[in-house]
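Each residue of the sequence shown is one higher than the last, beginning at 0 in numbering that gives the first Met the number 0. Glycine included, every Cβ here is placed at the ideal spot set by N, Cα and C. Values in this document were obtained by computation on a predicted structure and should not be read as measured data.
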Amino acid sequence: MIIHKNYNYIEKIRTHEGHILSRRNKTSQVKNETHTWSQKDFLPTTRAEMDDLGWDYCDVILVSGDAYIDSPFIGVAMVGRMLERLGYKVGMIGQPDINSGDDISRLGEPRLYWGVSGGSVDSMVSNYTATKKFRNSDDYTPGGKNDKRPDRALSVYCNLIRQHFKSTVPLVLGGIEASLRRVTHYDYWSDKLRKPILFDSKADVLIYGMGEIALEQLTKAIDEKRDFTEIRGVCYIAKEPKLEFHQLPSHQECLDDKEKYIDLFDLFYDNNDPIAAKGLCQAVDTRFLIQNPPCDYLNEDEMDANSNLPFTRELHPYYAKMGKVKCLETIKFSIMTHHGCWGECNFCAIGVHQGRTIRTRSEGNILKEAKEFNKYKDYKGIISDVGGPTANMYGYECNKKLKLGTCDHQRCVDATHLCKSMKVDHSRNINLLRQVRAVEGVRKAFVASGVRYDLITEDKKHGYEYLKEMVKHHISGQMKVAPEHTEQHVLELMGKPGKQTLVDFKKLYDKLNKEEGKEQFLTYYLIAAHPGCEEKDMHELKRFTTDELQMNPEQAQVFTPTPGTYSAVMYYTEMNPVTRKKIFVEKDTKRKEKQKQIVVAKESFSSGFAS
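This is the structure:
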């Protein structure tokens with residue numbers, strides 16, 4: 000049975016608004032038009048809270064590597080609120096103690112399934128630096144000390160559940176750790192290829208990508224005891240192959256032959272679009288990983304409806320007593336304008352997880368959110384960010400892609416050019432920012448998300464006007480850009496534009512700041528030890544930043560090979576995945592750090608000023 004899209008969000012809100020609003024009206028307190036939150040405004044995380052709500056059980060219990068932060072920027076919180084709107088009773092367990100059953104058992108056993116996430120960041124990325132040193136701090140843990148998130152959180156949490164609930168209801172994986180590890184993948188921290196995460200975690204099913212539609216359909220199927228193996232956007236393990244799907248190289252073939260692993264990743268990467276993708280099938284030992292084609296993306300009305308969910312934008316009181324979470328400083332009064340990114344930087348997994356097609360919220364919905372910030376007593380009129388994965392991709396897309404899906408083996412933008420089918424147009428973004436500034440109570444609305452400077456110079460009609468708006472109104476002293484490198488062969492491996500684009504952009508940026516009478520600087524993100532990069536390349540990068548940019552880089556970082564990226568494939572195989580020719584890859588930790596130190600070494604300037 001094929002399950003088609005049936006996802007009328009507006010009707011869902013009408014149907015279930017009584018369920019949610021009656022609970023809100025009973026518990027929310029208003030003082031001088033500002034919110035004072037009680038525990039009943041959150042999804043329950045203790046048995047006492049369930050009792051206060053009159054619940055004997057939860058339909059779904061969500062387990063996460065983060066503390067429970069009720070924000071639209073936190074994926075597991077979004078999942079919880081979506082399920083709540085659909086009428087399900089949802090409980091939350093953040094960062095359970097893995098050495099006892101006290102935390103994992105405190106809500107009892109769910110009626111339908113356990114939803115398990117590693118958190119907002121892959122647990123291994125969260126716990127270790129690029130040189131494999133343990134991180135002492137964690138922005139998603141109360142108090143900031145990194146002592147609550149286990150390595151390989153998905154597998155640990157699944158084992159914890161099964162240890163304390165024998166023969167329990169299904170375990171459903173979701174979130175970025177699950178999404179990027181859903182097929183055979185290179186794991187930098189063990190320096191080997193690992194099996195698809197469903198095999199290591201022994202979970203029952205996985206929702207990949209953003210998965211909003213798959214979430215609803217899977218929950219309903221489990222609730223109605225129907226087969227879920229045809230739902231788009233899920234992965235599961237089968238005893239037999241699905242021959243009508245693309246057959247990936249087996250896990251063993253990838254172990255035996257690095258080029259087979261490149262073949263696998265090519266098919267994996269090219270089949271992430273709801274319009275163009277086919278399903279994937281991979282043999283793993285005697286069983287098969289089945290990845291159904293992706294679920295549909297949300298349209299604008301559906302994006303708006305998700306943004307209207309009743310988030311408190313606070314850390315749940317159960318966790319707040321343990322200390323503050325640092326991430327709230329940046330996300331509490333930020334606005335996500337869209338999902339997706341077609342920049343396709345090879346070291347970034349956003350395109351694989353969120354998709355390479357932009358899905359936007361409406362201007363009216365964004366302005367409504369900005370206005371609602373006034374209800375918070377700690378809101379000072381400062382919006383930390385109005386943006387998305389790439390801030391200046393809001394409001395336009397390739398018409399060909401919208402009709403036919405993403406292109407195989409052809410990128411929207413790479414190190415040499417922007418595809419002619421992609422008509423860059425900042426006009427809608429400009430109008431949005433002007434309207435946000437005009438919202439009552441807004442003193443300043445910053446754009447802190449990454450901005451593609453090459454798209455600004457490419458937009459001959461509105462790029463200058465957009466940058467002028469940014470310089471005049473939306474920068475907090477410095478604008479962050481990410482050239483990452485300057486040497487062409489490294490940039491090509493990264494999938495980043497050439498350095499002349501950066502030079503042209505800097506001239507325009509400096510000109511506009513001079514016209515506005517402002518001293519606002521550019522902050523450059525740079526990467527050391529990316530595949531293909533040698534020490535001599537870092538010396539050239541240093542020379543360029545010193546002579547051409549007149550600045551000392553401070554934001555250089557050592558490259559981390561993360562699952563779901565072509566750069567990780569390069570790191571493991573030591574090959575260019577396009578040409579299959581051998582490339583240099585620095586794997587010695589000390590020499591990686593040396594590459595970074597080359598570019599961040601302090602220099603004196605005889606003229607100009609440093610950024």
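Item                                                                                                                                    : Value
Beta-carbon contacts of phenylalanine 264 that lie in its chain and below 6 Å, excluding the five residues immediately before and after : Val568
The beta strand (DSSP E) enclosing isoleucine 334, as first and last residue numbers                                                    : 333-335
Sequence-distant residues of the same chain with beta carbon closer than 6 Å to glycine 90, five excluded per side                      : Pro43, Cys57, Ile60, Leu106
Alpha-carbon to alpha-carbon, lysine 325 and aspartate 138                                                                              : 5 Å
For phenylalanine 558 and alanine 319, the rounded distance between their alpha carbons                                                 : 34 Å
The stretch 527-541 touching the stretch 583-598, judged by at least three CB pairs closer than 8 Å                                     : yes
beta-carbon alanine 220 near the ligand GDP non-hydrogen atom, thresh 7 Å                                                               : Only the bare structure without any ligand can be found here, which leaves the ligand GDP out of the picture.
Close Cβ partners of glutamate 547 (< 7 Å) along its chain, the five nearest in sequence each way excluded                              : Val502
Reference glutamine 38, options Thr311, Cys253, Leu507, closest by Cα                                                                   : Thr311
Bridge partners - lysine 144, DSSP secondary structure assignment                                                                       : Ser136
Closest Cα partner of aspartate 295 within the set His461, Ala275, Glu464                                                               : Ala275
Best match in Gly322, Phe41, Ala47 for proximity to leucine 308 [C-alpha to C-alpha]                                                    : Phe41
Extent of the continuous beta strand (DSSP E) run through proline 95                                                                    : No beta strand (DSSP E) contains proline 95, which DSSP labels as neither H nor E.
Host alpha helix (DSSP H) of phenylalanine 543 (start-end)                                                                              : 534-546
Straight-line Cα distance separating asparagine 271 from threonine 356                                                                  : 10 Å
Which listed residue (Phe133, Arg180, Gln556) has its alpha carbon closest to that of proline 482                                       : Gln556
Histidine 488 to leucine 170 span [Cα, whole Å]                                                                                         : 44 Å
Distance, glycine 380 Cα to valine 29 Cα                                                                                                : Note that valine 29 scores a pLDDT of 32, beneath 50, so its modelled location is shaky; the value from the coordinates is reported in the next line. When rounded, the distance between both Cα atoms is 19 Å.
Pick from Val446, Pro273, Glu439 that is closest to methionine 335, judged by C-alpha positions                                         : Val446
Methionine 49 to alanine 76 span [Cα, whole Å]                                                                                          : 17 Å
Three-state secondary structure assigned by DSSP to isoleucine 381                                                                      : strand
Distance CB(glycine 232)-CB(asparagine 291) smaller than 8 Å                                                                            : yes
Classification of phenylalanine 227 by the beta-carbon crowding that lies within 10 angstroms, buried from 16 upward                    : buried
Beta-carbon spacing of proline 71, leucine 159 below 8 Å                                                                                : no
Rounded distance between the beta-carbons of leucine 172 and histidine 184, thought under 8 Å                                           : So it is not a contact: roughly 14 Å between Cβ atoms.
Enclosing alpha helix (DSSP H) for valine 193 [first to last residue]                                                                   : Looking at the sequence shown, residue 193 is not valine but arginine. Where arginine 193 is concerned, there is no enclosing alpha helix (DSSP H), although the beta strand (DSSP E) it sits in stretches over 191-193.
Methionine 77 - DSSP class collapsed to helix/strand/coil                                                                               : helix
Endpoints, alpha helix (DSSP H) assigned at tyrosine 317                                                                                : 316-319
Burial state of histidine 416 (16 or more Cβ within 10 Å)                                                                               : exposed
Chain B within 8 Å of glutamate 553, Cβ atoms only                                                                                      : Of the protein chains in the structure, only one exists, and it is not chain B.
Whether arginine 181 touches cysteine 234 by CB criterion (8 Å)                                                                         : yes
Identity of the residues DSSP links to glutamine 556 by a beta bridge                                                                   : Ile526
Cβ neighbour criterion (16 or more within 10 Å) applied to leucine 403                                                                  : exposed
Cβ-Cβ distance between tryptophan 113 and valine 78 below 8 Å                                                                           : no
Coarse secondary structure for isoleucine 236, derived from DSSP in three states                                                        : strand
In chain order, each alpha helix (DSSP H) run of at least 4 residues that lies wholly inside the stretch 273-361                        : 299-306, 316-319, 327-330, 349-353
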